[in-house]
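Down below is the structure, laid out as structure tokens.
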């Protein structure tokens with residue numbers, strides 16, 4: 360995909376809620392994100408209706424030092440429940456861009472493309488370890 364002067368290669372990884380190496384999918388994702396050819400950016404698509412469950416993986420990706428953008432998918436269903444959470448404030452507190460999206464209608468996808476391009480050009484730090492429940496694992 361070409362967008363805004365950038366060539367974007369999308370790699371769809373298996374769905375997961377953490378990088379803890381308890382399943383083959385989690386091992387595969389963890390190895391990909393910590394390997395030699397680390398991605399320039401991680402687009403973390405989360406179900407807004409289950410935000411608590413998804414934030415654990417989001418924070419683990421951030422701890423890896425990778426730029427991450429969160430797509431708050433199914434935002435229409437979240438709003439139909441008449442629930443509220445201050446995602447702009449959470450975004451500022453975590454330092455992670457969060458964009459409401461509705462993939463069915465395309466809402467938020469242009470903003471997502473723009474943010475992905477902006478984030479992929481920022482320098483990133485590479486930490487020396489990944490925190491997992493109960494211990495730190497050297498990379």
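In the numbering used here, the protein residues as written are 360 to 498. No residue lacks a Cβ here, since even glycine has one placed at the ideal position from N, Cα and C.
Short of 7 angstroms in beta carbon distance, which residues of its chain neighbour residue i, apart from the five on each side in sequence? Order them along the chain.
| i | result |
| --- | --- |
| residue 431 | 405, 407, 446, 457, 458, 459, 460 |
Which residue's Cα is closest to the Cα of residue i: the options?
| i | options | result |
| --- | --- | --- |
| residue 463 | 412, 434, 438, 441 | 434 |
| residue 366 | 444, 400, 421 | 400 |
| residue 372 | 384, 364, 361, 362 | 384 |
To the nearest angstrom, how far is the alpha carbon of residue i from that of residue j?
| i | j | result |
| --- | --- | --- |
| residue 448 | residue 409 | 18 angstroms |
| residue 450 | residue 428 | 10 angstroms |
| residue 537 | residue 389 | Past the edges of the chain, shown from 360 to 498, lies residue 537, and the structure says nothing about it. |
| residue 379 | residue 443 | 30 angstroms |
| residue 411 | residue 453 | 14 angstroms |
| residue 369 | residue 441 | 33 angstroms |
Can you list, in chain order, the residues of its chain whose CB lies under 6 angstroms from that of residue i, leaving out five sequence neighbours each side?
| i | result |
| --- | --- |
| residue 397 | none |
Only counting the same chain, and skipping five residues up and downstream in sequence, which positions put a Cβ closer than 8 angstroms to that of residue i?
| i | result |
| --- | --- |
| residue 382 | 375 |
| residue 403 | 413, 416, 417, 420, 427, 428, 429, 430 |
Measure how close the beta-carbons of residue i and residue j come, nearest whole angstrom, since I'm counting them as under 8 angstroms.
| i | j | result |
| --- | --- | --- |
| residue 439 | residue 377 | With a Cβ gap of about 28 angstroms, residue 439 and residue 377 do not count as contacting. |
| residue 423 | residue 392 | 6 angstroms |
Exercise for review: Tell me the start and end of each unbroken beta strand (DSSP E) in the stretch 394–443 that is at least 3 residues and wholly inside, in chain order.
Suggested key: 401–406, 427–432
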